[in-house]
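Below: one structure, written as structure tokens.
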Amino acid sequence: MLKWLAILGAAIALALALIARLYRLPRKPAQPPEPPRLDGGDTALARMVAALALGPDRASAVQPLREGKAAFAARLALIDRAERSIDVECYIWHRDLTGVLMLDRLRAAADRGVAVRLLLDDLGISGLDAILAELNRHENISVRLYNPFGLRRPRLLNYLFDFVRLNRRMHGKSLTVDGALAITGGRNVGDEYFDTGDEPAFVDLDVIAGGAVVADIARHFAEFWASRSAYRVDRVIRQAPAPSGALDRALAELTDSAEHRRYARELAEHGEARSLAAGEFDLEPVAARLVRDAPDKTLGSVLAGHLMVDDLAAILTGVEHSLDLVSPYFVPGERGMAEFVRLAGRGVRLRVLTNSLAANDVALVHAGYRKYRRRLLEAGIELFELKREASPMARRSDAGALGSRGSSLHAKTFAADGRTVFVGSFNFDPRSVWLNTESGLVIESEAIAHELSRLMEDDLARLAYRVALDAKGRMRWEDLATGAVHHADPGSPLALRAGLWAAGKLPIEWLL
């Protein structure tokens with residue numbers, strides 16, 4: 001019996017070694033970054049930014065995008081107004097209604113002569129190989145895949161022989177048009193980010209940015225585009241070219257539907273989305289800077305002290321009065337835990353909003369968070385957990401700083417001392433700290449900070465549970481809308497809670 005098991009093991013190992021050799025990525029030497037596309041010049045978007053007359057103290061301008069429909073309309077508005085260039089970096093791009101509509105608008109921009117570059121992390125593009133290969137054949141479109149999988153199907157098999165590399169992903173998001181305006185923040189491209197239907201949507205946040213900070217975003221994109229981890233799509237998708245028309249077929253399939261007609265009508269009726277579609281932007285002059293990881297982090301060659309988290313830590317260390325933090329996945333680790341306890345000990349009011357277990361779209365991450373929950377409360381930190389479904393009141397048009405409907409939190413933001421705001425892709429968890437590349441904007445804006453504080457003070461009554469310890473030291477979850485009190489994670493079965501308790505005992509926190 002042992003003999004046959006040994007033979008079977010050797011055969012499996014040989015098969016994996018053969019697959020690894022056949023489907024390994026071609027060698028890609030490092031390349032000097034291409035010059036960033038700072039076209040500016042005489043384009044309509046550049047003229048609009050120039051009309052803001054930004055000064056040296058407030059050399060940038062931003063507009064928050066809180067609601068999904070407005071965020072989608074803003075992206076289409078910029079793409080449709082592009083005259084020279086479009087650069088897109090994205091972690092997840094779904095083959096669904098909004099994903100295919102955006103690809104069609106990018107192709108339309110290329111048809112009128114705009115140079116389009118599309119840089120997508122290869123983990124999140126399921127079902128798009130044929131469409132991306134087709135787009136890459138357009139004379140004005142270049143597509144690159146970041147940290148790609150050699151074996152296209154089944155992708156999970158790649159992890160058996162290349163786990164260390166594939167476990168590191170490009171998590172940043174940006175859309176930069178004509179070197180004049182950019183959108184960056186937490187949203188990927190897919191229906192759940194843009195509030196297309198009746199299914200629960202992500203509560204998310206990103207911003208339109210103009211002015212000096214756009215040059216930094218453009219340079220960041222150029223660095224990733226030229227990195228050793230970015231491969232031309234035709235070097236990764238190596239099967240025979242599919243017949244043309246893949247995008248048109250997907251477009252016909254998805255737009256000839258009641259869902260598309262309803263969504264088009266809702267966009268037309270949505271006040272902010274309608275204004276953005278008309279090119280009516282409301283940019284606030286601010287001081288802003290980009291914080292980001294370098295692409296070498298994907299190769300494991302960036303040392304502590306040179307990571308994006310170090311920029312954020314420098315801000316948090318200097319907080320004097322208040323910190324309102326929103327993170328869908330909140331696993332502070334011992335380093336973060338010590339800093340939060342230190343801040344609370346200095347009298348800083350620290351409020352954290354994260355997902356409840358029932359609302360978390362990655363339940364395993366909750367195993368890491370729950371290990372720290374009691375210690376955070378004992379240190380005097382206020383914890384709130386988003387409910388799986390917001391109350392009916394959450395459908396109001398003025399439903400708060402992070403969106404009109406909440407069922408799963410995806411925004412990554414904080415406001416420090418009522419003036420310094422971060423909006424980006426960074427989760428407060430080990431994966432964002434050590435594994436994935438992240439980016440975001442640090443913005444000096446009392447108005448945006450006030451909106452985030454308003455969420456914590458006014459809107460949480462219908463959005464979240466307050467987590468606290470009772471007089472006997474037991475955990476309790478108070479539904480701030482109804483006053484109901486729970487003594488275990490609300491809306492989650494015992495089996496799931498038990499499984500996560502067991503998972504929390506495993507040495508997997510570095511993966512979360």
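Residue numbers for the sequence shown follow our numbering, so the first one is 1 and each next one is one higher.
Each residue gets a CB set at the ideal place from its N, CA and C atoms; glycine is no exception.
The structure displayed is predicted, hence computed values, not measured ones.
- Taking each of Glu478, Val442 and Lys387 in turn and checking the Cα distance to Val203, the smallest one comes out for Lys387.
- With respect to the 8 Å criterion, Arg373 and Leu383 are classified as neighbours on the basis of their beta carbons.
- Positions of the beta strand (DSSP E) runs, each at least 3 residues long and wholly inside the stretch 124-158, are given as 141-146 in order along the chain.
- The beta carbon of Val365 sits closer than 6 Å to those of Tyr329 and Leu512, all from its chain and outside the five residues before and after it, given in chain order.
- With the rule of 3 Cβ pairs closer than 8 Å, the stretch 406-423 counts as touching the stretch 315-323.
- Pairwise C-beta distances place the stretch 159-167 out of contact with the stretch 46-60, as fewer than three of them are shorter than 8 Å.
- Here Thr98 carries a helix assignment [DSSP, helix/strand/coil].
- A Cβ-Cβ contact shorter than 8 Å links Glu385 with Asn355.
- The beta carbon of His306 lies closer than 8 Å to those of Ala294 in the same chain, with the five residues before and after it left out.
- When the five nearest sequence neighbours on each side are left out, the beta carbons in the same chain lying within less than 6 Å of the beta carbon of Gly210 are those of Val49, Ala61, Leu181 and Leu283, in order along the chain.
- With fewer than 16 other beta carbons inside 10 angstroms of its own, Asp57 counts as exposed.
- Under the three-state reduction of DSSP output, Leu452 falls in the helix class.
- Inter-segment contact for the stretch 263-277 and the stretch 125-136 is absent: fewer than three beta-carbon pairs are separated by less than 8 Å.
- According to DSSP, residue pairing for Leu383 in a beta bridge involves Val352 and Val467.
- Of Arg454, Ile79, Ser439 and Thr482, the smallest CA-CA separation from Arg462 is found for Thr482.
- A direct Cα-to-Cα measurement between Arg370 and Val331 gives close to 8 Å.
- Its chain contains Asp122, Arg155 and Asn158 as the residues whose beta carbon lies nearer than 6 Å to that of Phe149, once the 5 sequence neighbours on both sides are disregarded; these appear in chain order.
- Boundaries of the alpha helix (DSSP H) harbouring Thr317: Met308 to Thr317, taken from the DSSP string.
- Secondary structure at His260: helix, using DSSP grouped into helix, strand and coil.
- Per DSSP, reduced to three states, the secondary structure at Val365 is helical.
- Here the C-alpha atom of Arg497 lies approximately 10 Å from the C-alpha atom of Ala363.
- Counting C-beta pairs with one atom in each stretch, the stretch 76-86 and the stretch 270-282 have three or more that are closer than 8 Å, which means they touch.
- Per DSSP, reduced to three states, the secondary structure at Tyr329 is coil, with no helix or strand assignment.
- The stretch 175-195 makes no contact with the stretch 443-456, as fewer than three CB pairs between them are under 8 Å.
- Residue Asp248 holds the alpha-carbon nearest to the alpha-carbon of Leu101 among Asp248, Arg137 and Arg351.
- Three or more Cβ pairs drawn from the stretch 82-99 and the stretch 107-124 lie within less than 8 Å of each other, which places the two stretches in contact.
- For Pro36, the number of other beta carbons within 10 angstroms of its own is at least 16, and it is reported as buried.
- Taking Trp477 as the centre and dropping the five residues before and after it, the same chain places the C-beta of Tyr465, Val467, His486 and Pro490 closer than 6 Å to its C-beta, in chain order.
- For Glu444, the enclosing beta strand (DSSP E) starts and ends at Ser439 to Glu444.
- Following the DSSP letters along the chain, one finds Trp477 inside the beta strand (DSSP E) bounded by residues Met475 to Asp479.
- Its Cα nearest to that of Gly99, the residue His260 stands out among Trp225, Ala226, His260 and Ser425.
- In the DSSP secondary-structure assignment, Gly424 is bridged to Gly440.
- Residue environment for Ile92: buried (at least 16 other C-beta atoms within 10 angstroms of its C-beta).
- If one requires a minimum length of 3 residues, the beta strand (DSSP E) runs lying completely within the stretch 158-186 are 174-177 and 181-185, in chain order.
- When DSSP reads this structure, Pro64 sits in a beta bridge with Val207.
- Contact between Ala46 and Asp195 fails: their C-beta atoms lie close to 30 Å from each other, not under 8 Å.
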